[in-house]
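Asker: Counting in my numbering, the sequence shown runs from 18 upward without gaps.
Provided herewith is a single structure, encoded as structure tokens, for subsequent inquiry.
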Amino acid sequence: EVHRVGQMLTSDIRLNKPLVAACISALQAGAVCGDTPIGRGRVIECLKANATKLPKPCAHEVKLLSSIQARDVHFNPLILSACREELSHKAICGGVMRDHGFAERLGCLQRKRLTPSALSADCFAAVTKDYVRSARSVDTLTKLKHHCAADLARMCGYSLNKTLKGATEGGADDFAELGDISPHLTCLKARSAEIQSPLCVDEVKMLIRQTSENVLLNKPLVVACRADIKTHCAALSNAESAGDGKV
18 EVHRVGQMLT
28 SDIRLNKPLV
38 AACISALQAG
48 AVCGDTPIGR
58 GRVIECLKAN
68 ATKLPKPCAH
78 EVKLLSSIQA
88 RDVHFNPLIL
98 SACREELSHK
108 AICGGVMRDH
118 GFAERLGCLQ
128 RKRLTPSALS
138 ADCFAAVTKD
148 YVRSARSVDT
158 LTKLKHHCAA
168 DLARMCGYSL
178 NKTLKGATEG
188 GADDFAELGD
198 ISPHLTCLKA
208 RSAEIQSPLC
218 VDEVKMLIRQ
228 TSENVLLNKP
238 LVVACRADIK
248 THCAALSNAE
258 SAGDGKV
């Protein structure tokens with residue numbers, strides 16, 4: 018029942034009263050997401066895409082919702098719709114059962130994204146767009162956050178015990194512009210040789226592999242080459258097409 022309610026709250030913004038109350042100014046007609054059709058998670062996706070333009074209380078609620086979506090693919094209506102066949106096919110991700118809060122099926126889709134032709138075009142685009150956004154923060158990388166908890170605390174000053182209220186006051190990862198990577202993830206990658214947990218090593222290796230092929234997850238490169246990307250590679254500069262090292 019809790020799972021069913023969660024699906025409803027992440028599909029229709031009208032059912033999420035705290036989010037509506039915090040983001041009311043962004044939902045007015047003519048505002049950043051005021052003209053986005055309601056239902057199927059579209060308004061929520063709009064808010065996530067425009068997180069840096071939102072008032073702090075709204076950005077906090079969007080961050081909270083994003084961290085919930087990162088735990089279970091069933092709370093992400095766009096991926097659920099685009100990847101319906103992949104999630105039901107046992108040879109792809111249909112055989113992965115444990116998902117309530119552990120991101121196993123979403124993690125499966127993210128891994129399959131690196132295999133050519135493993136996902137349909139729509140599913141690939143949806144998973145890529147979601148990963149580009151999620152891979153900026155420890156808070157939205159559920160498996161990495163779980164397996165790397167001890168190493169994050171020991172090396173990078175990240176605590177799983179910080180409340181979301183504390184996080185928005187500077188404790189953990191805040192939303193950043195597309196291309197920004199949280200200092201905690203930068204720390205993990207830079208000090209990967211010092212990681213003690215084998216499961217954390219695996220997650221960081223996957224993160225490096227995932228992010229190395231998409232220019233939008235390499236902020237120094239984006240900043241240094243912004244003009245050239247816009248001039249020469251504009252057609253490849255969105256989240257869905259920037260991967261595979263194309264840019």
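Glycine included, each C-beta is placed from N, C-alpha and C at the ideal position.
1. Can at least three beta-carbon pairs, one atom from the region 51–65 and one from the region 92–110, be found at a separation below 8 angstroms?
2. Find out if the Cβ-Cβ distance for the pair residue 110, residue 131 is shorter than 8 angstroms.
3. Give the C-beta separation of residue 221 and residue 234 to the nearest angstrom, bearing in mind that I take them to be a contact with Cβ-Cβ under 8 angstroms.
4. Reducing DSSP to helix, strand and coil, say where residue 50 ends up.
5. On the three-pair Cβ rule with 8 angstroms, is the region 30–48 touching the region 65–82?
6. With 16 other CB atoms within 10 Å as the buried threshold, where does residue 45 fall?
7. Alpha carbons only, please: which of 253, 23 and 214 is nearest the one belonging to residue 169?
8. According to DSSP, is residue 148 part of a helix, a strand, or is it coil?
9. In chain order, what residues of the same chain lie with their CB nearer than 7 angstroms to the CB of residue 176, ignoring the 5 residues before and after it?
10. One question on the structure: do residue 154 and residue 199 come within less than 8 angstroms of each other, judged by their Cβ atoms?
11. In three-state terms, what does DSSP make of residue 211?
Answerer: Reading off the structure:
1. With three or more CB-CB distances shorter than 8 angstroms, the region 51–65 counts as touching the region 92–110.
2. Residue 110 is not a Cβ neighbour of residue 131, given a cutoff of 8 angstroms.
3. Not quite, the Cβ-Cβ distance comes to about 14 angstroms (not below 8 angstroms), so this is no contact.
4. Here residue 50 sits in coil by DSSP.
5. Touching, yes.
6. Label assigned to residue 45: exposed.
7. Distance from the Cα of residue 169 is smallest, within the candidate group 253, 23 and 214, for 214.
8. Judged by DSSP in its simplified three-state form, residue 148 adopts helix.
9. For residue 176, the CB contacts under 7 angstroms within the same chain, skipping 5 residues up- and downstream, are 170 in chain order.
10. Yes; because the gap between Cβ atoms is below 8 angstroms, this pair is in contact.
11. Residue 211: helix per DSSP, three-state reduction.
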